[in-house]
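Protein chains in written order, with the numbering used here: chain A, 19 to 450; chain B, 4 to 300.
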Amino acid sequence: MKNQIKLRTLIAALGAVTIIGAATTSFAAPAVNLTVLIDNQPHTVKGMDQLAADFMAKNPNIKIEIETRPAGTEGDNMIKTRLATDEMPDVFLYNTGSLFHALNAARTLADLTDEPFQANVLDSFKTVVKEGNRLYGAPIQTGMGGGILYNRKIYAKLGLKVPTTWAQFQKNNATIKAAGIPPVIQTFKDSWTSQLFVLADFYNVQSVEPDFADRYTQNKAKYATSPAAIKGFTRQEEIFKAGYLNKDFGSAGLEDGLRMVAKGEGAHYPMLTFAIGTIATDHKENINDVGFFALPGDDASKNGLTAWLPPGLYIPKTTKHLAEAKKFVAFIASIEGCDSQTKAVGAMGPYMVKGCEIPANAPPAVIDLVSYFKTDGKNTPALEFLSPIKGPSLEQITVEVGSGIRKPADAATLYDEDVRKQALQLAIPGWK
Amino acid sequence: METTTISRAISNRMKSPYPGWFYLPAAVIFVVLFLMPMLTSFYFSLTRWTLFESSFIGLDNFAQFFREPFLIKGLTNTLIYAVVTSGLKVIIGMLFGVFLTSRIMARTYLRSLVFFPVLVSTVGVGITFTVLMHPTHGLINESLAVFGIDGPAWLTDPSLALLSVALVDVWKGVGLATMIFIAGIVSIPKEYYEAAKIEGATATQQFWRITMPLARPATVTVILLSFISGLRSFDLIWSMTRGGPGFTTDVIASVIYKQYQAGFYGLSTAGNVVLFLLISTIVVPLFIFLDRKATTQ
Chain A
19 MKNQIKLRTL
29 IAALGAVTII
39 GAATTSFAAP
49 AVNLTVLIDN
59 QPHTVKGMDQ
69 LAADFMAKNP
79 NIKIEIETRP
89 AGTEGDNMIK
99 TRLATDEMPD
109 VFLYNTGSLF
119 HALNAARTLA
129 DLTDEPFQAN
139 VLDSFKTVVK
149 EGNRLYGAPI
159 QTGMGGGILY
169 NRKIYAKLGL
179 KVPTTWAQFQ
189 KNNATIKAAG
199 IPPVIQTFKD
209 SWTSQLFVLA
219 DFYNVQSVEP
229 DFADRYTQNK
239 AKYATSPAAI
249 KGFTRQEEIF
259 KAGYLNKDFG
269 SAGLEDGLRM
279 VAKGEGAHYP
289 MLTFAIGTIA
299 TDHKENINDV
309 GFFALPGDDA
319 SKNGLTAWLP
329 PGLYIPKTTK
339 HLAEAKKFVA
349 FIASIEGCDS
359 QTKAVGAMGP
369 YMVKGCEIPA
379 NAPPAVIDLV
389 SYFKTDGKNT
399 PALEFLSPIK
409 GPSLEQITVE
419 VGSGIRKPAD
429 AATLYDEDVR
439 KQALQLAIPG
449 WK
Chain B
4 METTTISRAI
14 SNRMKSPYPG
24 WFYLPAAVIF
34 VVLFLMPMLT
44 SFYFSLTRWT
54 LFESSFIGLD
64 NFAQFFREPF
74 LIKGLTNTLI
84 YAVVTSGLKV
94 IIGMLFGVFL
104 TSRIMARTYL
114 RSLVFFPVLV
124 STVGVGITFT
134 VLMHPTHGLI
144 NESLAVFGID
154 GPAWLTDPSL
164 ALLSVALVDV
174 WKGVGLATMI
184 FIAGIVSIPK
194 EYYEAAKIEG
204 ATATQQFWRI
214 TMPLARPATV
224 TVILLSFISG
234 LRSFDLIWSM
244 TRGGPGFTTD
254 VIASVIYKQY
264 QAGFYGLSTA
274 GNVVLFLLIS
284 TIVVPLFIFL
294 DRKATTQ
């Protein structure tokens with residue numbers, strides 16, 4: 019009985035407090051809770067924590083809550099489901115390019131074309147968050163490259179030079195193998211990591227066939243019949259056949275691969291450069307031992323980088339706090355936002371906002387990466403930013419090629435069939 | 004005239020003392036949770052569906068599904084998996100059943116020990132065995148190394164991966180088979196064994212002539228149950244290999260799941276309709292056959 023009375027008074031007191039609280043805040047600016055949905059990669063979470071803290075310090079009336087989701091295809095489905103059921107938080111982070119195009123932006127996302135912050139966003143980013151001629155996204159994080167992370171200590175010890183052709187790369191591999199170190203690291207437990215030989219080779223493909231992306235989208239160019247495009251598959255097989263892989267390539271995962279290249283247990287790791295951030299966190303003492311170069315092609319004079327654009331921030335039409343959400347997004351896409359991210363995770367690559375600088379003490383791999391962005395024509399966006407079609411089974415196919423289960427020619431034909439399936443699902447003209 | 008209608012009405016009421024609309028709550032649940040999703044999925048299997056909108060494309064999804072390069076591979080893998088797991092569960096389950104019904108020490112304890120894996124979550128088992136089967140750091144290969152044996156790459160060698168997963172499935176499912184066999188063996192009258200002993204039959208003869216034939220209903224149940232679960236298998240395979248390396252351990256369910264993951268919602272729904280029809284055509288006749296057997300017995 020006594021407890022009940024206590025409980026009742028407590029509830030009454032709480033009620034009074036909330037009423038008073040509501041009354042006082044309604045005189046000041048109303049407090050708003052914004053929820054932000056991001057992927058659960060360590061560098062994304064760390065970066066967003068810092069961004070939210072810095073933003074809240076400037077805007078005490080807005081409170082940011084962070085929610086995380088899995089990365090990869092599981093995350094893709096979650097994003098689509100939450101958008102389709104009108105349950106998307108106020109701001110969310112998601113890929114740009116072909117995955118963005120699957121979101122039906124015109125119907126689900128708030129139009130950000132006329133926001134003042136867009137004036138400072140690089141044009142290359144705008145093209146990958148555009149549907150029709152409206153913009154729906156703002157940049158977060160930095161541009162990435164696909165290529166080879168390498169161990170600089172091994173290179174110094176064996177007196178090797180960064181290769182600019184495939185032949186030089188293979189020669190380096192032979193030397194490294196002779197020294198008793200696995201030359202190439204592969205990690206097929208995380209099967210997406212097997213795709214780099216094909217995806218990061220796109221700069222080399224388009225340097226020989228400049229119109230490949232358009233013809234590929236129009237069902238005219240095929241991996242199996244394009245001599246330049248099939249090379250990604252044949253080279254992956256070459257590496258396997260030469261016995262250049264780490265022994266546990268079938269069961270190792272991304273984290274193992276990063277440890278191996280950082281600690282010199284392997285020399286080369288084909289990877290996206292976002293992983294430099296993970297090395298900086300998990301293997302701090304070895305971060306200066308890791309460098310980066312673009313996947314080499316046939317011609318040293320046409321050496322360049324296949325680049326990945328960073329993810330975007332989007333606001334769903336269903337948000338109840340559109341003005342506050344726009345304010346937060348504008349903060350992230352500003353120089354302050356870049357600095358806040360650099361403070362949290364270090365510099366990881368070029369930002370997509372004009373005026374954002376990379377500090378001079380950035381890790382060597384980042385400096386290597388940025389050098390490709392300094393000259394025009396030294397980089398090209400990956401195929402998934404130039405064409406809406408990316409076959410969903412590529413990672414299984416490249417695992418098979420990389421472990422000697424499937425022949426490259428067969429793999430390329432199979433991938434073309436996979437691409438056809440995606441094109442049909444997207445109802446792209448010219449496919450049947 | 005009047006009396007006959009009354010008596011008919013009475014006899015009708017005698018058949019079922021409750022009015023028909025007592026079925027209504029159950030019917031509502033059945034229609035809302037089962038029938039409606041099923042019918043909508045039949046419709047969506049005929050569309051190109053992005054979750055945001057769908058456009059009707061006739062039977063194109065089914066045509067595409069049957070063009071799927073890994074459909075045949077998935078089908079054969081499903082069959083191999085179902086046959087291997089149900090076969091092993093019958094043999095091992097029968098051995099355990101005989102062993103655990105004989106007079107041995109700590110019989111109850113051993114019975115619960117054999118049954119224990121059935122109670123553990125499948126995904127948990129999958130993840131645990133993935134760690135145990137790691138080619139270099141896994142407990143299995145490290146133990147083999149003590150005896151100087153170079154253990155294989157259980158889950159990453161394409162010729163072994165499917166069998167490795169099947170073995171784990173057997174480890175997890177054999178307890179249930181054993182329980183069914185124990186129940187079957189216990190229900191055999193003791194007199195047969197006593198008579199056989201007087202006639203001078205050996206233990207092996209008793210097993211082949213008495214236990215095997217009289218435990219037949221249990222054997223049939225085990226075959227049927229484990230074969231169906233083998234056909235539907237997905238969770239263990241997905242948590243251990245995700246259909247890999249490459250496509251080597253893909254079963255029909257994982258082929259469909261990957262299509263769903265890729266955002267091909269209409270196509271994967273079509274795949275599910277095909278899987279539904281396939282399992283129905285195998286299981287319904289089997290069920291009718293066994294049901295008839297049971298009633299004649």
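In this text, a Cβ means the ideal position worked out from N, Cα and C, and glycines have one as well.
For clarity, every value in this text was computed on a predicted model and none was experimentally measured.
Consult DSSP for I38/A and reduce its assignment to one of helix, strand or coil. Residue confidence is low: I38/A scores 46 on pLDDT, short of 50, so the model does not pin down where it sits. Its coordinate-derived value is still stated next. Assigned with DSSP and collapsed to three states, I38/A falls in helix.
List the residues that DSSP assigns as beta-bridge partners of T86/A. I56/A
Positions along the stretch 390-418 of chain A whose CB lies within less than 8 Å of some CB in chain B: For the stretch 390-418 of chain A, residues whose beta-carbon sits nearer than 8 Å to a beta-carbon of chain B comprise P410, S411, Q414, I415, V417, E418.
Pick out whichever of A186/B, P138/B, M182/B, F237/B has its Cα sitting closest to the Cα of L163/B. P138/B
Would you tell me roughly how many angstroms separate the C-alpha atoms of N80/B and L49/B, rounded to the nearest one? 27 Å
Does any residue of chain A bring its CB to less than 7 Å from the CB of F267/B? yes
Assigned secondary structure, T214/B (DSSP; H/G/I helix, E/B strand, else coil): Looking at T214/B - three-state DSSP - the assignment turns out to be helix.
For Y168/A, does the three-state DSSP call read helix, strand or coil? strand
Short CB-CB distance (under 7 Å) between K6/A and chain B: Absent from the model: residue 6/A. The displayed extent of chain A is 19 to 450, so no value can be given.
Measure how close the beta-carbons of I158/A and P329/A come, nearest whole angstrom, since I'm counting them as under 8 Å. 6 Å
Does the beta-carbon distance from A351/A to F135/A come in below 7 Å? yes
Looking at C-beta atoms only, is the number of pairs between the stretch 410-429 of chain A and the stretch 332-346 of chain A that lie closer than 8 Å three or more? Judged by pairs of C-beta atoms under 8 Å, the stretch 410-429 of chain A does not touch the stretch 332-346 of chain A, as fewer than three such pairs exist.
Reduced DSSP secondary structure (H/G/I, E/B, other) of S229/B: In this structure, S229/B counts as helix in the three-state DSSP scheme.
For the candidate residues D300/A, L323/A, D129/A, whose alpha-carbon lies nearest to that of S225/A? L323/A
Mapping the DSSP letters down to three states, classify T43/A as helix, strand or coil. Model confidence at T43/A stands at a pLDDT of 45, short of 50, so the residue's coordinates are unreliable and nothing is read from them.
Quick one: residues in its chain with C-beta nearer than 7 Å to the C-beta of F258/A, no 5 flanking neighbours on either side, listed in chain order? G420, S421, G422
Expected contact under 8 Å - CB spacing of A156/A and L130/A to nearest Å: 6 Å
Beta-carbon neighbours of A427/A, restricted to chain B and to distances below 8 Å: Per Cβ cutoff of 8 Å: no residues; A427/A is ~15 Å from chain B at best.
Tell me V139/A's beta-bridge partners as DSSP assigns them. According to DSSP, which records beta bridges pairwise, V139/A is partnered with V371/A.
I'd like to know if Q443/A contacts chain B, where contact means its C-beta is closer than 7 Å to some C-beta of that chain. So, interface residue.
Kindly indicate if chain B contains any beta-carbon less than 7 Å away from that of G164/A. no
Anything in the stretch 138-157 of chain B with a Cβ closer than 8 Å to a Cβ of chain A? List those residues in chain order, please. P138, T139, A156
What's the gap between the Cα of M162/A and the Cα of A218/A? 11 Å
What's the gap between the Cα of G93/A and the Cα of R106/B? 55 Å
For S190/B, tell me which candidate among V101/B, L158/B, Y263/B has the shortest Cα-Cα distance. Nearest C-alpha to S190/B among V101/B, L158/B, Y263/B: V101/B.
In chain A, which residues lie with their C-beta within 7 Å of the C-beta of P375/B? Outside the shown range of chain B (4 to 300) lies residue 375/B, about which nothing can therefore be said.
Determine the DSSP secondary structure at E105/A, reduced to helix, strand or coil. Note: E105/A maps to coil in three-state DSSP.
Take every Cβ of the stretch 69-84 of chain A, pair it with every Cβ of the stretch 301-312 of chain A, and state whether three or more of those distances are shorter than 8 Å. no
Below 8 Å on the Cβ atoms is my contact criterion, and I expect V134/B with K175/B to pass it. Report the Cβ-Cβ distance as a whole number of Å. With 8 Å as the limit, V134/B and K175/B do not qualify as a contact, their Cβ atoms being about 16 Å apart.
So, helix, strand or coil for N64/B, using DSSP? Three-state DSSP puts N64/B in a helix.
Looking only at C-alpha atoms, which of T114/A, A128/A, A89/A sits nearest to D108/A? A128/A
In chain A, what lies closer than 9 Å to T159/B by C-beta? Residues of chain A passing the Cβ test: F206, K207, D266, F267, G268, S269, S421.
Of all the CB atoms in chain B, is at least one closer than 7 Å to the CB of A89/A? no
Beta carbon proximity, A256/B to chain A, threshold 7 Å: no
Three-state secondary structure assigned by DSSP to K281/A: helix
For A312/A, which of helix, strand or coil comes out of DSSP? strand
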